[in-house]
Every structure is written in C-alpha cells, then in structure tokens.
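Peer 1: Just dropping this structure here.
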Amino acid sequence: TFLAKVREECNIDVKYLKFATTRLSLLLQTLKISDRYKFRQIIRITELFEILLIFYKDDRHAQPGFVVICEPCDPTNPLVHDPVIRLACVDPSLAIRDIFEKYKTVILTSGTLSPLDIYPKILGFKATTTRSFNMTLSRKCIAPLIVTRSSEQADLLEEELTSSFQTRMNPAQQAQVLAAYGNLLIDLAQVVPDGMVVFFTGYQYMSEVLLSWHSTGLMKKLAQHKLIFIETQGVQETETALQHYRRACDIGRGAIFMSIARGKISEGIDFDHQYGRAVVMFGVPFLPPTDEPLKQRMHWMEKCLNIPEAEYRNFDAMRQASQCIGRVFRNKTDYGIMVLVDRRFALIDKKSKLPSWVQANLKQNTNLSVDAAVSVSKSFFREMAQPWDMQKGLGTTLYDGTVLDRMGFMKEGEAPKKLTARVNEELTPEMARVLMEVH
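Okay, so the sequence shown: first residue is 4 according to the numbering used here, each after it adds one.
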C-alpha cells in the first residue's frame, strides 16, 4: 500500500502523520502566519495522510476504504505530463457509518434509489424493511421514452442510436448518430414548451456533439426555436448561464440548457414547472473504463462485496441517468417528458435499474424511433394543455376534505364534504400549501 511504501522508502513512522494537519495548523498560528493560501499544497498532503491513517484499518473488510492513485498526468488534460496524486474513496459506507452507529432507527428514502437490493451491500447495513411505493397520480403527467433508432427501419443496425465507444470510433456511424440526435432535439424544441434540459455523458462527448452540430448547421436551426445555454467547468460561468436560462423560461422565450451527467446541474439543481418540461439524456453515462478511481472502486466492490464489475458499472451509470431525468419532475402538479436516447437503455440490465415509478410509466415506449418519440411528445403536451380540475385529485394525489379537517385546516363548523364546493373559491394559503403536498 501507499503507507507501506512511505514507511519503507522514507523511513518514517507513519502513525505520527495522523496528527500532521493539527500540528501544522498550530505551527502556522505560532508563527503568526494568517495567509495560509501559500501553504495549501502542504496542507493538502497532511490532510491526505490524516484520512488514510484514520480509515486504514477497516473493521468491515481487510482492504482499506481509501486508496491513493498516482497518475502521470491530470485526467482533465491527458496530453500534458503533470504527475498527480489522487485520494479516492472506494468504500461508500464510510460516509454514513457514523449515522448508523449514533441512531437506532435510520430511514433512507429517495425517488431514485434503484435497485433497492444493492444499497444495503454498498452502505454496510442490514435492512429491516424495504419498500417501494408507486406514485398516485390523477393524470398521466410524466412520459418517459426510450429512443433506440433514427427511423422505423428497425432491421438496419446502422439506424441504431448509441454513444458506445465502438460507434464513436467509426466516423461514418458517429456522424449519422449525431445528426439523428440533432434532428430529434430540433423536433422536440418545436413541441416542448418553455425549458428543456439536455444531458451528455461528459464534457468531451458534449464538445464533440456540439462541434458536429455547429459544422452541419444544426445548431443554428436549433437556436431558431429556443435560446441555448451550455454548462462549463467554470462555476461562475455556469451560474450566469443558469440565471439567463431561467429568465428565458420566465418570459416565455423558451431555452435549452446543455449539461453533463455527474456535473453540478445534474446533482443539485431542480428544473420544476416551466424550467424543465423535457429532459433528454444522450447516451448511457458510463465512466471511461480507463478511469483509475472507477477501476479501484470496481476491484474493491468485487473483492469485498462480491459485486461483479459489470453489475457495478451498470448500477453506477443508471444511478446517474436516474438523477438526470429526475431533475424535471419535482411534485405532483408538475409535468414533463423524459427522453433516454441510446439503444442500450432498452436492454433489461439497464431498464430494470430505472426507478420503479419510471418503469411503471414506460409501458410500450421502450423502443421508439425519432419520429415516434416526437409523435408521443406531441400527444402528451396536447393532453397536458387541457384544463385540469384540482378537485379530481382530492383523495388520490392531494389531501381531501376529511384529511384537511383532521389536520385542522377546515373552517370551524364546516363539513368536510363542502370543501369540494368551495375549493376554488375560498382557498386559504395554508390549505393551498397542504393541497399541494403528497400523501
């Protein structure tokens, strides 16, 4: 291990490095050095050793939960020789172990915990109860679609849409796939109101696609229908782009936000209501097989948890895809479409790892062509454009009068059954808030 090499080659008793961060901090205080930015590199090194020594001995497994990765160059700039040392966590249970030790009862809940059986393994706990609940919807307000081919000629393999490595290495096939991606997005931009969010598998792939669209004129055609904003690696630039995107949606101009899986937009930003009437995922967001932290994590999963590498790769990719498509559906009064564009999404090992509420609404829309997906989208938004009576959702997706009365939101002396007669007339702010909540 890394610590063993440090002990042997540097002749250092590594156990004392556990307190290096604290001692360095005291030294800087003693020397009255307030500007610690100059010493950020050595501070990072002491933090690295501190984390390694804390988690070196694992009570769950013989293998440590952190590994040190030494690479000849920065993965973000592989053409420049610049050696880097990275600390990678391979045991996810380290992040939540203190919670399990401190509390007797812990409830883990999310709309994208799928498949449920793998989480107890990787987080190191025994589930007492495991439940998956279906959505109660008074109208079909979500429409997940899987687009697998560019036309209805299903017998031709060259018509299949995918971002696989083999396709990307074939220039002719790659050009055909990117053209189909662009045509699909242009057609959807004419159907989907307000905002659209488009996710790619990574910055490099997004750059390839956008450059291809620019050279073929597809980007110019797309800009005729909606404004285009792009996520960058710069935090401030992305924040500014997101603000302008929301502004374009608020004034009715409509916009498209190009983003990547595993980025800032896919993890912590909600695109509810007019900010996200459609989300499009181009490609399955696998990490590159050469990614060293992924290789170390898969090796650890297989050796310590008996989870095959292929299964963990599928789980990791589909978890990211679920995070992306879930950005646009944030409550039961919202609506939108979720378009997964890659033939591999239709495979059982991928499709089965989607959240149950997505699978329940997929139905027959698992092997669509570009034209068929656009047709389904037109029908969906035509249906969503019809007036919706909130009273139809009382008792199914929204609290009914009996529940509101029990919670103390009914006027004194008013019978619960009278709520439906005045729900649209005298709705107080408190009752409106409760009506929007789910069971």
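Don't be surprised by glycine CBs; every beta carbon is placed ideally from N, CA and C.
#1: Cα separation between R346 and Q169?
#2: Can you give me the start and stop residues for the beta strand (DSSP E) that F332 sits inside?
#3: Around the C-beta of F69, are 16 or more other C-beta atoms found within 10 angstroms, so that it is buried, or is it exposed?
#4: Can you tell me where the beta strand (DSSP E) with M261 in it begins and where it stops?
#5: Excluding sequence positions up to five away, which residues of its chain have a Cβ less than 6 Å from the Cβ of L430?
#6: In or out: R385 buried (at least 16 other Cβ within 10 Å) or exposed?
#7: Kindly indicate which residue of S210, G205, I272, R142 has the alpha-carbon position closest to the one of P291.
#8: Could you tell me whether the stretch 12-24 touches the stretch 44-59, using the rule of 3 or more Cβ pairs below 8 Å?
#9: Could you give the residue range of the beta strand (DSSP E) that holds I125?
#10: To the nearest angstrom, how far is it from the Cα of K381 to the Cα of R39?
#11: Smallest Cα separation from D190: which of H247, A264, A281?
#12: By Cβ distance below 7 Å, which residues in the same chain neighbour D62 in space, the five residues on each side in sequence not counted?
#13: What separation, rounded to the nearest whole angstrom, lies between the Cα atoms of I233 and G220?
#14: Would you tell me roughly how many angstroms separate the C-alpha atoms of D94 and F103, rounded to the nearest one?
#15: Terminal residues of the continuous alpha helix (DSSP H) containing H302?
#16: Return the first residue and the last residue of the beta strand (DSSP E) that I36 is part of.
#17: In this structure, does DSSP put F289 in helix, strand or coil?
#18: Would the beta-carbon of R347 be found less than 7 Å away from any heavy atom of the ligand MN?
#19: Closer than 8 Å by C-beta to L225: which residues in its own chain qualify, once you throw out the five before and the five after it? Chain order, please.
#20: Express the C-alpha separation of E50 and K41 in angstroms, rounding to a whole number.
#21: Which ranges would you report for the beta strand (DSSP E) in the stretch 229-285 if only whole runs of at least 3 residues count?
#22: Once DSSP output is grouped into helix, strand and coil, what is the label at D85?
#23: From L119 to V17, what distance separates their C-alpha atoms?
Peer 2: Quick answer:
#1: Translated into positions along the sequence shown, residue 346 becomes position 343. Translated into positions along the sequence shown, residue 169 becomes position 166. Each residue's Cα considered, the two are about 14 Å apart.
#2: Taking the sequence shown and counting its residues from 1, one reaches residue 332 at position 329. Note, F332: premise wrong, no beta strand (DSSP E); not H, not E.
#3: Taking the sequence shown and counting its residues from 1, one reaches residue 69 at position 66. When all chains shown are included, F69 counts as buried.
#4: Locating residue 261 in the sequence shown gives position 258, counting from the first residue. 258-263 is the extent of the beta strand (DSSP E) around M261.
#5: In the sequence shown, residue 430 corresponds to position 427, counting from 1. Annotation note: pLDDT 44 at L430 (below 50); position unreliable, no value reported.
#6: Position 382 of the sequence shown, counted from the first residue, corresponds to residue 385. Label assigned to R385: exposed.
#7: Here residue 291 refers to the residue found at position 288 of the sequence shown. Checking every option, the nearest Cα to that of P291 belongs to G205.
#8: yes
#9: Indexing the sequence shown from 1 puts residue 125 at position 122. I125 -> not in any beta strand (DSSP E); alpha helix (DSSP H) instead, spanning 122-126.
#10: Along the sequence shown, one-based indexing puts residue 381 at 378. Along the sequence shown, one-based indexing puts residue 39 at 36. Cα-Cα distance, rounded: 58 Å.
#11: Counting from one through the sequence shown, the residue named residue 190 turns up at place 187. Ranking H247, A264, A281 by Cα distance to D190 puts A281 first.
#12: Locating residue 62 in the sequence shown gives position 59, where the first residue counts as 1. For D62, the predicted model reports a pLDDT of 48, less than 50, meaning its position is unreliable; a value from the coordinates is still stated below. Excluding sequence neighbours, D62 sits near nothing in its chain.
#13: Here residue 233 refers to the residue found at position 230 when the sequence shown is read from its first residue. Here residue 220 refers to the residue found at position 217 when the sequence shown is read from its first residue. Whole-angstrom Cα-Cα distance: 17 Å.
#14: Taking the sequence shown and counting its residues from 1, the one referred to as residue 94 is at position 91. Taking the sequence shown and counting its residues from 1, the one referred to as residue 103 is at position 100. About 15 Å.
#15: For this step, residue 302 is matched to residue 299 along the sequence shown. Run containing H302: 295-308, per the alpha helix (DSSP H) assignment.
#16: Translated into the one-based positions of the sequence shown, residue 36 becomes position 33. Where I36 is concerned, there is no enclosing beta strand (DSSP E), given that its DSSP letter is neither H nor E.
#17: Residue mapping note: residue 289 aligns to position 286 of the sequence shown, counting from 1. Three-state DSSP puts F289 in coil, outside helix and strand.
#18: Although the ligand MN was asked about, the structure shown includes no ligands whatsoever.
#19: By 1-based counting over the sequence shown, the position of residue 225 is 222. Correct list, in chain order: G185, L188, I189, A192, W216, I231, I259.
#20: On the sequence shown, position 38 is the one that residue 41 refers to. On the sequence shown, position 47 is the one that residue 50 refers to. About 16 Å.
#21: 230-233, 258-263, 281-285
#22: Locating residue 85 in the sequence shown gives position 82, counting from the first residue. Three-state DSSP puts D85 in a strand.
#23: Along the sequence shown, one-based indexing puts residue 119 at 116. Along the sequence shown, one-based indexing puts residue 17 at 14. Whole-angstrom Cα-Cα distance: 40 Å.
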